[in-house]
Structure formats: C-alpha cells, structure tokens
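*Asks:*
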Amino acid sequence: MSQNAVIGIIGGHGWMGRALGLSLLEQGVVSAGQLVVSSRSGSGDAYRDWPDVRCVKDNRELVALADVIVLSVRPQDLASVDIEAHDKLVISLLAMASLQAISRQVGSRRVVRAMPNAAAEIRRAYFPWYASQQVSDADRQLVQALLASCGKARELPAERDLDYLTALSGAGPAYPALLAQSMREHARQMGIADDIAREAVMQTLVGGSLLLERLGGDPSDMVERLIAYDGTTAQGLRTMIDEGIGQAIHRGLDAAHQAASGSR
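Residue numbers are given in the working numbering: position 36 of the sequence shown equals residue 36, and the series is strictly consecutive.
The following block contains the structure:
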C-alpha cells in the first residue's frame, strides 16, 4: 500500500472518526489532501484548520476517492452503510460486528476489525486489531501506522481476542470512572468536601495509573508489596480482596464479553 494512500473515514465527524482523522493530520501520518471524511451534514468545524481535507455527504463518493476506507459509525448503523468497496482495504471500528459481517456489507475481503476507546481523543487509546487473511503485509504496516497515531496499536492473533478486548480495553474510562465514583461517595460520607474529594480521587487514580505504567511489570507485584508493608493501605486492600472485589470485576467482564461476542 502506497504511503500516499488516500484515507476515507465514513463518520469522520463522529467522536472516534474525528479523533482518528485529527490525529493522523497532527502527527503528519497523512497530509490534508490524503484525507476524505463523510458525514450526513457533509461539513463541520472539526477540520477547519485543514482546509484541504475533503468533506462529502455521499459515502459512495468517499469510496471512489479513497484507497483505504475506515468505518466509524455506530454498530446499529452498519446495515445502512450502502457502499461497494471492491476489495479495497476496510478498517472497521464497530463493536460487535464480525469480519464476516463487515465483509458482506461493504463488498471487500480485505477487512480489519479494530476496537478503539475514548482515550483516542487524548492520543492514549489502546487499539487492538485483527485482520482477515486477504490483508497483505503492506496493508498491515499501514493499519498499524494509522491506528498507532491515537495511542498504542497491537495486532491480535485471533478474532475472538478482539471480542474480549472490546469488553476490557474498549470500555475506556468506564471502569476507572466506576471506581472513582465509589471512592468519591465514600469520601463524602466521611465528611470530605466535594471539591477536595474529587481532587483527591482523581489525582490518586490518574497519578497511580501513570506510576504503574512507568514502573511496568506485573501490577500484582505492587499489590503484594503494599500488603507486605502492612500499613493503612494494606488494611484497605485486604478488606477489598476479602469482600470479593476480584470476583465482582471478573463477573462484570464476563457479562461485557458475552455482550461483545453475542453477534458472532
């Protein structure tokens, strides 16, 4: 696939399509002249700083202009995507839509399934992807470069792995938000002012996550080290573990995974 390939994003004004498109431009992965985006309005403010980006209303027009087609629409809107890709490379960002379903709908066997999350907006997404057998090595290199513009991209060995990661990493801020909500509610019950509770919770979760990322290794090592230290945090950790926090998280992920893979 040529480095001068034209990228077409169907749904390029939606949250994920816009995040990907702007990231590609800002990082110089593609030039403005290499990007075509479609939306029902055909225009918008997202690309106002990039006047050479072509904005169209008709998805068929986008397909005619593009070498690579990115599907960034809601899963329930897949059936209304009326295009014929003629075996062009198609990258689907739809949850729950299998390679087979995408291929059948768009008329291409060169299909990649990818699962973004909301952190793409700040270029910190985890972007797992899986490709059909007809996707070439050159295609794979291009897909990796496009998706990595929004964070970290990783090709997976099996499509079922993507179904699972749709439930895990595809959740984006949802699971940290649930933890933050519970911690903030407890702080309020203990009489901590709302602004202080929010500040303390957010700084603890964000700072702790960044520290874990920097340290690397197995997170269980950190848990075991803090329990062994036998301080105040150890008491909190022991109680949470004894009360079944691990089992609750596993049940939640099981439920999300079942929903993610239900259409396959």
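Built from N, CA and C at the ideal position, the CB exists for glycine as well.
Just so it is clear, the structure is predicted and the values come from calculations on it, not from any experiment.
With respect to the alpha helix (DSSP H) encompassing L24, which residues constitute its N-terminal and C-terminal limits?
*Replies:* On the sequence shown, position 24 is the one that residue 24 refers to. Run containing L24: W15 to E26, per the alpha helix (DSSP H) assignment.
*Asks:* Based on the DSSP output, what are the partners of C55 in its beta bridges?
*Replies:* Here residue 55 is taken as the residue at index 55 of the sequence shown, counted from 1. C55 pairs with V37.
*Asks:* What would DSSP say about A114, mapped onto helix, strand or coil?
*Replies:* For this step, residue 114 is matched to residue 114 along the sequence shown. Looking at A114 - three-state DSSP - the assignment turns out to be strand.
*Asks:* Do you know offhand how far A260's Cα is from V6's?
*Replies:* The sequence position of residue 260 within the sequence shown is 260, counting from 1. The sequence position of residue 6 within the sequence shown is 6, counting from 1. Near 31 Å, if we compare the C-alpha coordinates of V6 and A260.
*Asks:* Between which two residues does the alpha helix (DSSP H) holding I196 run?
*Replies:* Translated into the one-based positions of the sequence shown, residue 196 becomes position 196. I196 -> alpha helix (DSSP H) spans D194 to L215.
*Asks:* Determine the closest residue to I69 out of Y47, G11 and Q27, with distance taken between C-alpha atoms.
*Replies:* Residue 69 sits at position 69 when you count from the first residue of the sequence shown. Of the candidates Y47, G11 and Q27, the one whose C-alpha sits nearest the C-alpha of I69 is G11.
*Asks:* Return helix, strand or coil for I83, following the three-state DSSP convention.
*Replies:* On the sequence shown, position 83 is the one that residue 83 refers to. Coil, per DSSP.
*Asks:* Can you tell me whether A95 is helix, strand or coil according to DSSP?
*Replies:* Locating residue 95 in the sequence shown gives position 95, counting from the first residue. If DSSP states are grouped into helix, strand and coil, A95 belongs with coil.
*Asks:* If you run the structure through DSSP and keep just helix, strand and coil, what is V63?
*Replies:* Taking the first residue of the sequence shown as 1, we reach residue 63 at position 63. Of the three classes helix, strand and coil, the one that applies to V63 here is helix, per DSSP.
*Asks:* Can you have a look at T88 and say buried or exposed, based on whether 16 or more other CB atoms are within 10 angstroms of its CB?
*Replies:* Walking along the sequence shown from the start, residue 88 turns up at place 88. According to the sequence as given, residue 88 is Lys; it is not Thr. Looking at its Cβ environment, which holds 16 or more other Cβ atoms inside 10 Å, K88 is buried.
*Asks:* Please report the Cβ distance between L179 and L253, rounded to the nearest whole angstrom; I am assuming they are in contact, meaning their Cβ atoms lie under 8 Å.
*Replies:* Sequence index remark: in the sequence shown, residue 179 carries index 179 (1-based). Sequence index remark: in the sequence shown, residue 253 carries index 253 (1-based). Actually they do not touch by this definition, with Cβ atoms about 14 Å apart.
*Asks:* Determine the burial state of Q235: buried for a count of at least 16 other Cβ atoms within 10 Å of its Cβ, exposed for fewer.
*Replies:* Residue numbering aside, residue 235 sits at position 235 when the sequence shown is read from its first letter. Result: exposed.
*Asks:* Tell me R154's beta-bridge partners as DSSP assigns them.
*Replies:* One-based indexing of the sequence shown puts residue 154 at position 154. Note: R154 sits in a beta bridge opposite P128.
*Asks:* How is the alpha helix (DSSP H) around L178 delimited, first residue to last?
*Replies:* Position 178 of the sequence shown, counting from 1, holds the residue named residue 178. Looking at the DSSP string, the run of the alpha helix (DSSP H) that includes L178 is A174 to Q189.
*Asks:* If you follow the beta strand (DSSP E) that A143 is part of, which residue opens it and which one closes it?
*Replies:* Translated into the one-based positions of the sequence shown, residue 143 becomes position 143. Note that residue 143 is Val in the sequence shown here, rather than Ala. Segment D137 to A148 is the alpha helix (DSSP H) holding V143; no beta strand (DSSP E) there.
*Asks:* What's the call for R54, buried or exposed, on a 16-neighbour Cβ count within 10 Å?
*Replies:* Sequence index remark: in the sequence shown, residue 54 carries index 54 (1-based). Buried, by the Cβ-count rule.
*Asks:* Roughly how many angstroms lie between the CA atoms of S263 and I196, to the nearest whole one?
*Replies:* Translated into the one-based positions of the sequence shown, residue 263 becomes position 263. Translated into the one-based positions of the sequence shown, residue 196 becomes position 196. Residue placement at S263 is poorly supported in this model, since its pLDDT is 48, which falls under 50; the coordinates are not used for a value here.
*Asks:* Does DSSP put S263 in a helix, in a strand, or in coil?
*Replies:* As a working mapping, residue 263 is identified with position 263 in the sequence shown. With a pLDDT of only 48 at S263, under the threshold of 50, the placement of this residue in the model should not be trusted, and no figure is reported.
*Asks:* Less than 8 Å between the C-beta atoms of F127 and A97, yes or no?
*Replies:* Taking the first residue of the sequence shown as position 1, residue 127 is located at position 127. Taking the first residue of the sequence shown as position 1, residue 97 is located at position 97. Going by C-beta atoms, F127 is not nearer than 8 Å to A97.
*Asks:* Compare the C-beta of D161 with all C-beta atoms of chain B and state if any pair is closer than 8 Å.
*Replies:* Within the model displayed, chain B is absent; a lone protein chain is all it includes.
*Asks:* Determine, using beta carbons only, whether L22 and A46 come nearer to each other than 8 Å.
*Replies:* By one-based count along the sequence shown, residue 22 stands at place 22. By one-based count along the sequence shown, residue 46 stands at place 46. Their beta carbons are under 8 Å apart, which means L22 touches A46 by this criterion.
*Asks:* Quick check: what's the CA-CA separation for R123 versus A145?
*Replies:* Here the question's residue 123 lines up with position 123 in the sequence shown. Here the question's residue 145 lines up with position 145 in the sequence shown. Rounded to the nearest angstrom, the two C-alpha atoms are 13 Å apart.
*Asks:* Taking 7 Å as the cut-off, is the C-beta of A119 nearer than that to any heavy atom in the ligand PLP?
*Replies:* This structure lacks the ligand PLP; in fact it carries no ligand of any kind.
*Asks:* Helix, strand or coil for G11? Go by DSSP, reduced to three states.
*Replies:* The residue you call residue 11 lines up with position 11 of the sequence shown. Coil at G11, not helix or strand.
*Asks:* Is the segment 200-218 in contact with the segment 179-192, if contact means three or more CB pairs nearer than 8 Å?
*Replies:* Contact holds: three or more Cβ-Cβ distances are below 8 Å.
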